[in-house]
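Written out below as structure tokens is the structure these notes cover.
Protein chains: 2
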Amino acid sequence: MRFLRLALAQINSIVGDINGNSRKIIDHVKRAVGHKADIVVFPELAVTGYPPEDLLLKPRFIADNLAAIEDIGRHTNGITAIVGFVDSHKNKGIYNAAAVISEGRIVDVYHKIFLPNYGVFDEFRYFLAAKRFPVYSLNGTKFGINICEDIWYGDGPARIQSLAGAEVVININASPYESGKPEKRERILAERSVENDVIIAYLNAVGGQDELVFDGFSMIVTQSGRILARGKQFQEDLMIVDLDLEPVRSLRKKRDPAKALKPPKKAGAVEMVWIPAQKKPGRKPLKQMIVEPLMRKEEEYYGAISLGTSDYVRKNDFRSVVIGLSGGIDSSLVAVIAVDAIGRDNVKGLFMPSSYTSRESREDAFQLAENLGIEIIEIPIDEIMEGYLRALEGKFSGMESDITEENLQARIRGNLLMAFSNKFGWLVLTTGNKSEMSVGYATLYGDMAGGFAIIKDVPKTLVYDISMWRNSISEGPVIPERVLWKEPTAELRPDQKDSDTLPPYPVLDPILKSYIEDDMSFEDIVKVGCDPDCTRRVISMIDRSEYKRRQSPPGIKITPRAFGRDRRFPITNRYRSY
Amino acid sequence: MRFLRLALAQINSIVGDINGNSRKIIDHVKRAVGHKADIVVFPELAVTGYPPEDLLLKPRFIADNLAAIEDIGRHTNGITAIVGFVDSHKNKGIYNAAAVISEGRIVDVYHKIFLPNYGVFDEFRYFLAAKRFPVYSLNGTKFGINICEDIWYGDGPARIQSLAGAEVVININASPYESGKPEKRERILAERSVENDVIIAYLNAVGGQDELVFDGFSMIVTQSGRILARGKQFQEDLMIVDLDLEPVRSLRKKRDPAKALKPPKKAGAVEMVWIPAQKKPGRKPLKQMIVEPLMRKEEEYYGAISLGTSDYVRKNDFRSVVIGLSGGIDSSLVAVIAVDAIGRDNVKGLFMPSSYTSRESREDAFQLAENLGIEIIEIPIDEIMEGYLRALEGKFSGMESDITEENLQARIRGNLLMAFSNKFGWLVLTTGNKSEMSVGYATLYGDMAGGFAIIKDVPKTLVYDISMWRNSISEGPVIPERVLWKEPTAELRPDQKDSDTLPPYPVLDPILKSYIEDDMSFEDIVKVGCDPDCTRRVISMIDRSEYKRRQSPPGIKITPRAFGRDRRFPITNRYRSY
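Take a look at the structure:
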């Protein structure tokens, strides 16, 4: 059996940490050599981390990254390495690139052709789009390389490279996780491999970077669209795979010339590049390859949020986090995720009751802390609140108590959390969910105060689903049962319920998805099942809350459209679609 | 004399207000007909306002804008109108476009060719780039139209249209103000007109939109690069100008064929479009055209910030603002601008002293309020602070008083400001300057709490310059003299001075500009005059403050690189350039 051995190094780079990333790359090169791999592959922009954003505008940053790829090159012997970095062309600009390194020398550089500039992506802001289609030859095997978005287009480089003889297409990625993305990638790769009779090696980065989580889940798809191997999701991995090239060749021989694919019109010239041969004496084919399974939805979301949380903490040099525990479902879930992500000793709870806080809330908050084994600190806020009211005496005379006084309580709690953050260096995790963020049911500088909003992209109904799933995989319940069933309340005035202000969450969440993620019109949203008045009120709340979202902490994207870089709305906006 | 009469309608559209913008456009069409103009011109995306950002992803928004341009078309008679809107091509996508309307009918639509995708611009996120170069003929005059960025390129549509016979190029803009931009535009337009022997009519939008201010300052540049007319800066205007076409023709006849410009390689086909002739009987040429002068720098900045402030207030349906007055220079300047922008009755001051507040600060805050004739409300914060300290008793035992306690004071003030905002619907204007925002010398949820940060892009040294200029144009001083000369302090601990933490502002500000606006390396910044330790400390402070800036309120861009949409930095960022 003639085969090509690939090592897919699914690594977790840190944005800007050029030295650290380089060390990690060199270390994985050595491990791949140990596995007698022909080629070791690293993710898109592995050297700089993805996305470096406006660091890319700093000439010094580009220069440092170029020095790093040269250095990696010098450490690459006995193997061919493919490494994502930023290439620079004097006067013209920079490219999102992959270096092809062999025996201490950069043999060639591939430049990305399709630049994403939608959703969270801004690649036209930085990079030039290339039009060159190299095909590489190594030990008699031909392969193509391309980068991320390049593989999404049927008439892109994969087609051109396959027509020029590539038996394998290596596609390197920094592809952020969102719900449904793993399945979508699988579908696209199956299409692309079958239509070109080609094996596709899809390598994805892993790790959290501000709002984004790269989920790894790299995979090999055969010429018949079957998944031959799949790596871990949400963890680093070094996948070693043997690609049998015979089926590709025999399939191509049998190919009906009448049905042969035509090259795309816009194709540039194909260029052949020979990589010096490397012998791997005494190598035996692997017996088995691992296909990590798809997770169930709740587990997948949980994995994304956990990784996003632990990486934000770690990469920003925090050690501990502090969470305001109210006894409600949101703060409970946030605390559980935090404990799973960074360990119970690094998670602190703050319980800040007022006279509106129920006995149940207190019991549930303390029960949760006990279940999790985390420290819980209690600070009552009524006296501070009285201080504010005394200071404001006479200023609001004759006016009813309203949202002002409710917000003051939330802001006292925000201040106390920040005091602990300032004093002990704990990162404040906020507890707001996507439903609240959407309609502005949250207090700016109050419960929105903090460094990272880990469930900001999780709608309330999904908060329940994830919580129940998490409880289901433990021996005893982690989140107290009552928290899952009692009615949600902010407890900022007597007998307050979320449902005083908002439609029930099972009604609200589909409207939010239709409007925010699907850009549906008012009329179409009403058609799918919510009455016009309720829909109008919800849309109006979303529109009017943009100013709050603009000042909210970043959070972890898990849906196809999160708030943040993903959805760019004007605050000043008179458009009314209802 | 054969001439073309142009009406340049320098209007202030509101983003999303399709109906209101349409009414304003139709109203200006009528006024231009009254002036017997041949052509009336409106800014880039006049129908939707600029930039509509992700509203452009909503199919209903595009449809509403298309209905509006049809409606404007029906109201356009006796004149040719050029109106910026969003054109849509089924299946392909949308264009940043200009409709050419004559006698109730859309005769043609121009599509923007060069899409900016740098700085504050994201046009590749939304628009398709076109490659069609129409030239229009009206009453025997040939002219071209193009949009904003199109005119910045020597081998762009202006060249192609001129070579195809256009005597006038009409360039419609939504060009945001920044320091030096008016002079830069003048230079580019002079180049473009002289190299093509063509008159350029440059129309810019006016108005504030979140972080951006469009400054108007539309102008006519003759075939010899001279400014024939210039409109108001920072105000709406309807410029009526007569363009004498004879000099263009005679210049072109004399043109040395050997020096003739060649068409750019990438030019698509030029297309001639005839617009039905319109007679303007009994029309006499204008005697004189107005050239509004360039302002001096401080006045120009002041104009930009005033317009940005009044439009943010007005377009978001606020009436009044509230400002925390500390007796310092920043809050003083913010208050003066606010009074100039929206009137003294709509500006409220909050004076919130602590035991660290000096007698001078109190006198200066009250003197300022008296000079401005604004209401000032006093609320001491010491008792509230004591409430916090009591609540925290024992939690921080054995630990020194530090930034925690300083921030608590700032956050109490933030909460009080927000309480007035919530109770009375006043918009909180924050008072932080660019120097503070850069190094993070500000308290998140404290002095950073508020809706709009009007001097966020003004470095501290410029805060002084603008304040002195503003005082100089008044009878008596507006800002008390002492405020201009006393040493800056946050008054959060005894005898605190900004200079305890920061280098003096005349040293700090040039470093900030070099690093933030010019992307200079550590070594180059040291070379231009700051010692390595000081530079290292400043850069480190800038890098580490990104998380604060991400949660800061939007502010008004006046420099070539502001914080916000203009500078997109990762929070998680291990790059150290020093």
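Chains as they are written, first to last, in numbering that gives the first Met the number 0: chain A, 0 to 577; chain B, 0 to 577.
Glycine is no exception: its CB is placed at the ideal position from the N, C-alpha and C atoms.
Between residue i and residue j, which are expected to be in contact by the criterion C-beta below 8 Å, what is the C-beta distance as a whole number of angstroms?
i              : j              : result
G431 (chain B) : K455 (chain B) : 6 Å
I199 (chain B) : V168 (chain B) : 5 Å
C529 (chain A) : I541 (chain A) : About 13 Å separates the two Cβ atoms, so there is no contact after all.
P42 (chain B)  : I171 (chain B) : 6 Å
Closer than 7 Å by beta-carbon distance: list the chain B residues that pair up with residue i, in chain order.
i              : result
I376 (chain A) : K394
S174 (chain A) : Correct list: empty, because the minimum Cβ distance to chain B is about 17 Å.
A407 (chain A) : A small fix is needed here, since residue 407 (chain A) is Leu in this sequence, not Ala. N414 and A418, listed in chain order.
A448 (chain A) : Y444
K89 (chain A)  : None at all; the shortest Cβ gap to chain B is about 17 Å.
N432 (chain A) : By Cβ distance, chain B contributes nothing, its closest Cβ being about 18 Å from N432 (chain A), past 7 Å.
With 16 as the cutoff for other CB atoms within 10 Å, does residue i come out buried or exposed?
i              : result
Q222 (chain B) : buried
R1 (chain A)   : exposed
R389 (chain A) : exposed
T500 (chain A) : exposed
I81 (chain B)  : buried
A452 (chain B) : buried
P275 (chain A) : exposed
W425 (chain B) : buried
K547 (chain A) : buried
S330 (chain A) : buried
A448 (chain A) : buried
V272 (chain A) : exposed
I555 (chain A) : buried
E166 (chain B) : buried
K314 (chain A) : buried
D446 (chain A) : buried
S354 (chain B) : exposed
K433 (chain B) : buried
Could you tell me which chain A residues have their CB closer than 7 Å to the CB of residue i, listed as they occur along the chain?
i              : result
Y117 (chain B) : R124
R22 (chain B)  : Correct list: empty, because the minimum Cβ distance to chain A is about 13 Å.
R536 (chain B) : Within 7 Å Cβ-Cβ: nothing; R536 (chain B) doesn't reach chain A, min ~18 Å.
What residues of chain B sit near residue i, judged by a beta carbon separation below 8 Å?
i              : result
L54 (chain A)  : F568, P569, N572 and Y574
R248 (chain A) : Within 8 Å Cβ-Cβ: nothing; R248 (chain A) doesn't reach chain B, min ~39 Å.
Along chain A, which residues have their Cβ under 8 Å away from the Cβ of residue i?
i              : result
R549 (chain B) : P552 and P553
M398 (chain B) : K422
V14 (chain B)  : P569, T571, N572, R573 and Y574
T403 (chain B) : A418, N421 and K422
What does residue i touch in chain B if you count any residue whose Cβ is under 9 Å from its own?
i              : result
G19 (chain A)  : R573
Y311 (chain A) : I570 and T571
Can residue i be considered in contact with the ligand NAD, in the sense that its beta carbon sits closer than 7 Å to one or more heavy atoms?
i              : result
R343 (chain B) : With respect to the ligand NAD, the structure shown offers nothing to examine, as it has no ligands at all.
Task: Three-pair Cβ contact test at 8 Å for the stretch 368-375 of chain A versus the stretch 332-345 of chain A - done: yes
Open item on the list: Between the stretch 475-493 of chain A and the stretch 299-311 of chain A, can you find at least three pairs of beta-carbon atoms closer than 8 Å?
Closed with: no
- [ ] Could you say if the stretch 147-159 of chain B and the stretch 287-301 of chain B meet the contact criterion of at least three C-beta pairs nearer than 8 Å?
- [x] no
Task: Contacting positions in the stretch 415-429 of chain A - beta carbon closer than 9 Å to chain B - done: L415, M417, A418, F419, S420, N421, K422 and F423
Open item on the list: Using a Cβ-Cβ cutoff of 7 Å, what residues of the stretch 199-210 of chain B are near chain A? List them in chain order.
Closed with: Q208 and D209
Open item on the list: Within 8 Å, do at least three Cβ pairs link the stretch 552-561 of chain B to the stretch 505-523 of chain B?
Closed with: yes
Task: Cβ-based contacts, 9 Å cut-off: residues of the stretch 33-62 of chain B near chain A - done: T47, G48, P50, P51, E52, D53, L54, L56, K57, P58, R59, F60 and A62
Task: Residues from the stretch 286-304 of chain B in contact with chain A, defined by Cβ distance under 7 Å - done: Listed by position, the residues of the stretch 286-304 of chain B near chain A (Cβ gap below 7 Å) amount to none.
Open item on the list: So, does the stretch 441-448 of chain A touch the stretch 521-533 of chain A, judging by three or more C-beta pairs under 8 Å?
Closed with: Segments in contact, no.
TODO: Give the residues from the stretch 488-521 of chain B that approach chain A closer than 7 Å (Cβ to any Cβ), ordered along the chain.
DONE: Residues of the stretch 488-521 of chain B that bring their beta carbon within less than 7 Å of a beta carbon in chain A comprise D518 and S520, in sequence order.
Task: Given 8 Å, three or more beta-carbon pairs between the stretch 142-158 of chain A and the stretch 186-203 of chain A - done: A contact exists between the stretch 142-158 of chain A and the stretch 186-203 of chain A.
Open item on the list: Any C-beta of chain B within less than 9 Å: which residues of the stretch 366-390 of chain A qualify?
Closed with: Considering only beta carbons, the part of the stretch 366-390 of chain A lying closer than 9 Å to chain B consists of I376, I378, P379, I380, E382, I383, M384, E385, G386, Y387, R389 and A390, in chain order.
Task: Any 3 or more C-beta pairs closer than 8 Å across the stretch 544-554 of chain B and the stretch 81-90 of chain A - done: No: fewer than three Cβ pairs fall under 8 Å.
Task: Three or more C-beta pairs below 8 Å linking the stretch 42-57 of chain B and the stretch 15-22 of chain B - done: yes
Open item on the list: Pairs of beta-carbons, one from the stretch 225-235 of chain B and one from the stretch 275-292 of chain B, closer than 8 Å: are there three or more?
Closed with: yes
Open item on the list: By the 8 Å beta-carbon criterion, what residues does the stretch 345-365 of chain B contribute toward chain A?
Closed with: none
Open item on the list: To be precise: take each residue of the stretch 98-113 of chain A, compare its Cβ to all Cβ atoms of chain B, and keep it if any distance is under 9 Å. Which residues remain?
Closed with: none
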